[in-house]
Amino acid sequence: MLAQSGTQLFQAATLSDDDVKALTNDACKEMDAKNKIAPANSNYTKRLNNIAKALGNEVNGTPVNYKVYLTKDVNAWAMANGCVRVYSGLMDIMTDNEVEGVLGHEMGHVALGHTRKAIQVAHATVAARTAASSAGGVAAQLSSSQLAEMGEKLVNAQFSQHQETQADNFSYDLLKKTRCQYFRLSDWL
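Be aware that the sequence shown starts at 1, since it is given in the UniProt record's numbering, and climbs by one per residue.
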């Protein structure tokens, strides 16, 4: 078990872009399975689809998949595979332009490589925890519970002030480029 955990720690440090996308595909599926997703005919989804038209449908060539989680929580996040999620609680308190700014910010973390670094840290944390507990059978792929844990770590990732400023600037530039109305992101972030 310790040897497997050591291998996982090495893999976390050397993840390729394809590995990162595969891990975030699985982590996003786990997050989607744990949350109630707004149906296609809901007002939230219709509103998000209008917002998404303004933001575009890709980040650095990766197609974006937008969805709304039905929850009172106020949050939004994006993963390296193009998975972009916004919580209905956030949509309830923000205008469309403000949601555009927040989603542009989250997409900035992806475009600038911040989420890639976060998945490396999350993967390493899961591997270290596996080594510490020496329980379960982890082979080539992470278990469903480990993917769920990694997804939670990505959603709750803490970025440095510098990374936050970079993501704000990315959002500002994206909103300018797409002719969205922009607002002072620091009012919300």
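Cβ coordinates follow ideal geometry from the N, Cα and C atoms, glycine included.
All values derive from a computational prediction rather than experimental measurement.
Where does residue i fall in DSSP's three states?
i	result
Leu112	coil
Ser134	With a pLDDT of 48 at Ser134, under the threshold of 50, the predicted position of this residue should be treated as unreliable, and no value is reported.
Tyr172	helix
residue 256	With the chain running from 1 to 189 in the structure shown, residue 256 is simply not present.
Thr165	helix
Lys46	helix
Leu15	coil
Met91	helix
Trp188	In this prediction, Trp188 scores a pLDDT of 48, lower than 50, which makes its location untrustworthy; the coordinate-derived value is nonetheless stated afterwards. Looking at Trp188 - three-state DSSP - the assignment turns out to be coil, as it is neither helix nor strand.
Gln120	helix
Can you tell me which residues form a DSSP beta bridge with residue i?
i	result
residue 203	This structure leaves residue 203 out entirely; the chain is present only between 1 and 189.
Glu58	Pro63
Ile37	Tyr69
In terms of alpha-carbon separation, which member of the options lies closest to residue i?
i	options	result
Gly82	Asn60, Met94, Leu90, Ser88	Asn60
Arg47	Asn65, Asp26, Val99	Val99
Gly108	Lys34, Asn97, Thr95, Asn169	Asn169
His105	Gly89, Asp92, Arg85, Asn43	Arg85
Gly89	Arg116, Asn65, Ala38	Ala38
Val20	His114, Ala167, Leu175	His114
Met31	Ala76, Thr45, Ala40	Ala76
Thr71	Lys36, Lys177, Ala118	Lys36
Lys53	Lys34, Asn25, Ala27, Asn97	Asn97
Checklist entry - Quick one: any contact between the region 118–125 and the region 90–104, if contact means 3 or more CB pairs under 8 Å? => result no
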